[in-house]
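Below: the structure, in structure tokens.
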Amino acid sequence: MRILLVSLLAAAVCLHLADSLICYTCTAARSNTDCLTKTTCPPGYNYCTTATGSATGSATGSLFGTIQLNIGSIHKGCVQKCLPKEEKTLWLKASTSCCHTDLCN
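Here the sequence shown stands for residues -20 to -1, 1 to 85, numbered as in mature numbering (1 follows the signal peptide of the UniProt record, and there is no 0).
Written out as structure tokens, the structure is:
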């Protein structure tokens, strides 16, 4: 009887882990190669997300000539709701995408 209870408990734990989504997570990474940490999402967090932001531009001065600016950042993680979005302005670009399979982001 004891073996049966232990087996049932082990099976329940395995089933719970099988239902949990696994996503890459990072904050303010410079590239995807800097964002390879795998995280098991909490219950109810059914989407992996990737959010990117970048700013580009140039400035000209008499001392240094023209300077090009290109700053970018990547954020990845688990979310409860999927809110894909893309916004662009003259200097800024931001986007958020979602997916729902393991390590899809």
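No residue lacks a Cβ here, since even glycine has one placed at the ideal position from N, Cα and C.
Asked: Hey, Gly37 and Trp71: beta-carbon distance below 8 Å or not?; Found: yes
Asked: Pop quiz: Ile54 and Thr32 are said to be a contact at Cβ under 8 Å. What is the actual Cβ separation, rounded to whole angstroms?; Found: 5 Å
Asked: Quick one: residues in its chain with C-beta nearer than 8 Å to the C-beta of Ala39, no 5 flanking neighbours on either side, listed in chain order?; Found: Thr46, Ile47, Leu49
Asked: Inspect the beta-carbon positions of Thr19 and Thr5 and report whether they are closer than 8 Å.; Found: yes
Asked: Considering only the alpha carbon of each residue, which of Lys65, Ala74, Thr7 lies closest to Lys56?; Found: Thr7
Asked: Give the straight-line distance between the Cα atoms of residue 87 and Leu63, rounded to the nearest whole angstrom.; Found: Given that the chain is displayed from residue -20 to residue 85, the structure contains no residue 87 and the question cannot be resolved.
Asked: Rounded to a whole number of angstroms, what is the C-alpha to C-alpha distance between Ser77 and Lys65?; Found: 7 Å
Asked: Name the two residues that bound the continuous beta strand (DSSP E) containing His80.; Found: Note, His80: premise wrong, no beta strand (DSSP E); not H, not E.
Asked: Which residue wins for smallest C-alpha separation from Arg10, given the options Gln60, Pro23, Ser34?; Found: Ser34
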